[in-house]
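Here the structure comes first, spelled out in structure tokens, and everything after it is commentary.
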Amino acid sequence: SAGVVPLSEARSYITSVGVGCDLTRRDLQNEAKEKRRPWDDSKGVEDSGPIGGLIEVGEGENWWYSEDSLLTLTVDGVEKQRTLTKNMIWSPEEIVHYISKRHDLKIGDVIFTGTPEGVGKLER
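Residue numbering for the sequence shown follows the numbering used here, starting at -17 and increasing by one per position.
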């Protein structure tokens, strides 16, 4: 349990990064919206957050994050999403600090930071 992580120490809590699909069950989301209820259940379904390979972030000068870090998602060799980290609203450290105020972070927790352009329907 990390407790509230000071912004100045947040980087040390980030061990690896990767790209994942933050899937949403639109039927459950729409039902919740119609009833003016939270739509958490549309996110927390079985297998709703597949993640690709993780990359260790490094330390000091080897820290992975820069404003020009490229993030891409390909499906069957077709690029679906592409963005630079400078398009993120908050830095990884700010995200860890903020979340730690509301949730008890533990080793192995995964944080999805948001979705760039290119959201689409899942097809089998």
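We put the beta carbon where it would ideally sit given N, CA and C, even for glycine.
Nearest to residue i by CA position, among the options, is which residue?
i, options, result
"S73", "E41, D86 and Y47", "Y47"
"K103", "S82, L5, I77 and K88", "L5"
"T(-3)", "D86, E49, H85 and V78", "V78"
"L53", "N44, W45, N69 and E38", "N69"
"G34", "V101, F94 and E105", "F94"
"S51", "Q11, K88, S(-10) and R64", "R64"
"D91", "L(-11), G31 and E16", "G31"
"V27", "C3, G96 and E43", "C3"
"G96", "K83, T67 and D58", "T67"
If you follow the alpha helix (DSSP H) that residue i is part of, which residue opens it and which one closes it?
i, result
"V78", "P74 to S82"
"L52", "Element bounds for L52: not the alpha helix (DSSP H) but the beta strand (DSSP E), L52 to V57."
"N12", "R8 to E16"
Does DSSP put residue i in a helix, a strand or coil?
i, result
"E105", "coil"
"K68", "helix"
"S(-2)", "strand"
"E49", "coil"
"E43", "helix"
"E38", "strand"
"E99", "coil"
Can you name, in chain order, every residue of its own chain whose Cβ lies under 6 Å from the Cβ of residue i, other than the five neighbours on each side?
i, result
"A(-8)", "E75, V78 and H79"
So, for residue i: in the same chain, excluding its five sequence neighbours on each side, which residues have a beta-carbon less than 8 Å away from its beta-carbon?
i, result
"W45", "R(-7) and V39"
Given residue i, which residues of its chain have a CB within under 7 Å of its CB, disregarding the five upstream and five downstream residues?
i, result
"V1", "G34, L53 and L55"
"N12", "none"
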